Structure formats: structure tokens, C-alpha cells
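Engineer: Have a look at this one.
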Amino acid sequence: MRTPDVNVLLYAVNADSPQHAGARSWIEASFARPQGIAFAWPALLGFLRLATRSGIFARPLSVDDALGVVDAWLGHPRAQVIVPTPRHAAVLSGLLIGAGAGGNLVSDAHLAALAIEHGAELGTFDRDFARFAGLRVSVLK
-10 MRTPDVNVLL YAVNADSPQH AGARSWIEAS FARPQGIAFA WPALLGFLRL ATRSGIFARP
50 LSVDDALGVV DAWLGHPRAQ VIVPTPRHAA VLSGLLIGAG AGGNLVSDAH LAALAIEHGA
110 ELGTFDRDFA RFAGLRVSVL K
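First residue of the sequence shown: -10, per our numbering; consecutive thereafter.
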């Protein structure tokens, strides 16, 4: 199973982005896999926040359009939502302490913990995820 970081979601929708083709291909390939794709609410909320804000897209999405994109993703038969398990606090703590991370990396560690808990590979354009031990990460180009 694969789970996308927020940047993959943004680039997959933003046709003006140089990373659009790679992100869109990764999302489509993830839907085609038997295990499907796992969405984490922090990534989906990040998508909604950034896709509707000026400065990210040349023309930000309306809230209705952004919600429509999320609904389409979640409505796919091979889509699922991953949530924290009872061991989430321990996994998250281990990642933060192990990486010596805090500040802006706390959100990344949360997403990494969700991926680890569910045995998912995280797709991202952000190399910072490589610092989290035990995370299977695919850094896209």
C-alpha cells in the first residue's frame, strides 16, 4: 500500500507544476495496485488548505472544487483512509527522538508514523522523510 504526502497531492492536481506528471503518474499507479492507496487526513487537510490559497496555484481551487477532488480520491474503490493506531504515540515519539526532529518536522513525523503503522510506502518530493528510521519512502522527481 502507498500513501501520498501533501506535495504529491498538490502536484498531481496542479497541471502548471513541473512535478505534475510524476505526481499524477504516482497517484494513478497507486490506485491501480491491488493494495490501493491510503490517504491520511493530515495530507488531505494540507491539500485543502494549500490548494485553495493564493500563491500555491496560479489560480487557487475553489473550496467546492478542492473538496470534489478529495471526494473523488476517497470514493475510489481502492482508496482507504489511515488513522492512528493505539501505538501511534510510541511510533511518533520514536521518530521524533530518533531523528532529533521537532518544529516543522513534527507534521512529517506524524505522517511517517501513520505510514509505518499501516505498512505503507510514503510517496513524497520531500527528502526530509529519509531521516525517519523504519519508513519506506519513495522520493519522487
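Built from N, CA and C at the ideal position, the CB exists for glycine as well.
Since the structure is predicted, the reported quantities are computational estimates derived from the model, not experimental observations.
Grab me the residues of valine -5's own chain with a C-beta within less than 6 Å of its C-beta, minus the 5 sequence neighbours each way, in chain order.
Structural biologist: As a working mapping, residue -5 is identified with position 6 in the sequence shown. Excluding sequence neighbours, valine -5 sits near Ala32, Gly35, Phe36.
Engineer: So what's alanine 124 in DSSP terms, helix, strand or just coil?
Structural biologist: Indexing the sequence shown from 1 puts residue 124 at position 135. Before going on, a small fix: residue 124 reads as leucine here, not alanine. If DSSP states are grouped into helix, strand and coil, leucine 124 belongs with coil.
Engineer: Taking just the CA atoms, how far does tryptophan 30 sit from leucine 84?
Structural biologist: Residue mapping note: residue 84 aligns to position 95 of the sequence shown, counting from 1. Residue mapping note: residue 30 aligns to position 41 of the sequence shown, counting from 1. Whole-angstrom Cα-Cα distance: 19 Å.
Engineer: May I ask which residues mark the beginning and end of the beta strand (DSSP E) holding alanine 68?
Structural biologist: Taking the first residue of the sequence shown as 1, we reach residue 68 at position 79. Per DSSP, alanine 68 belongs to the beta strand (DSSP E) from 68 to 71.
Engineer: Between the Cα of arginine 67 and those of Pro23, Pro75, Ala88, Gly92, spot the shortest distance and give me the residue it belongs to.
Structural biologist: Walking along the sequence shown from the start, residue 67 turns up at place 78. Residue Pro23 is the option with its Cα nearest to arginine 67.
Engineer: Within the continuous alpha helix (DSSP H) that includes phenylalanine 114, where are the two ends?
Structural biologist: The count along the sequence shown starts at 1 and reaches residue 114 at position 125. From DSSP, phenylalanine 114 is part of no alpha helix (DSSP H); its letter is neither H nor E.
Engineer: Looking only at its own chain, which residues have a Cβ that is under 6 Å from the Cβ of arginine 120, when we skip the five neighbours before and after it?
Structural biologist: Position 131 of the sequence shown, counted from the first residue, corresponds to residue 120. Once the five neighbours on either side are set aside, the close Cβ partners of arginine 120 are Ala88.
Engineer: With respect to the beta strand (DSSP E) encompassing alanine 27, which residues constitute its N-terminal and C-terminal limits?
Structural biologist: The sequence position of residue 27 within the sequence shown is 38, counting from 1. Per DSSP, alanine 27 belongs to the beta strand (DSSP E) from 26 to 29.
Engineer: Within the continuous beta strand (DSSP E) that includes alanine -9, where are the two ends?
Structural biologist: For the purposes of this step, residue -9 is identified with residue 2 of the sequence shown, where counting begins at 1. Residue identity check: residue -9 is arginine in the sequence provided, not alanine. Start and end: -9 to -7.
Engineer: How is serine 51 classed by DSSP in three states: helix, strand or coil?
Structural biologist: In the sequence shown, counting from the first residue as 1, residue 51 sits at position 62. Reduced to three states, the DSSP call for serine 51 is coil.
Engineer: Helix, strand or coil: which one does DSSP assign to serine 43?
Structural biologist: Looking up residue 43 in the sequence shown gives position 54. DSSP places serine 43 in strand when its eight states are reduced to three.
Engineer: CA-CA distance, leucine 100 and serine 6?
Structural biologist: For the purposes of this step, residue 100 is identified with residue 111 of the sequence shown, where counting begins at 1. For the purposes of this step, residue 6 is identified with residue 17 of the sequence shown, where counting begins at 1. Between leucine 100 and serine 6, the C-alpha separation is close to 23 Å.
Engineer: What does the alpha-carbon distance come out to for the pair phenylalanine 118 and glycine 57?
Structural biologist: Sequence index remark: in the sequence shown, residue 118 carries index 129 (1-based). Sequence index remark: in the sequence shown, residue 57 carries index 68 (1-based). In a straight line, the C-alpha of phenylalanine 118 is about 28 Å away from that of glycine 57.
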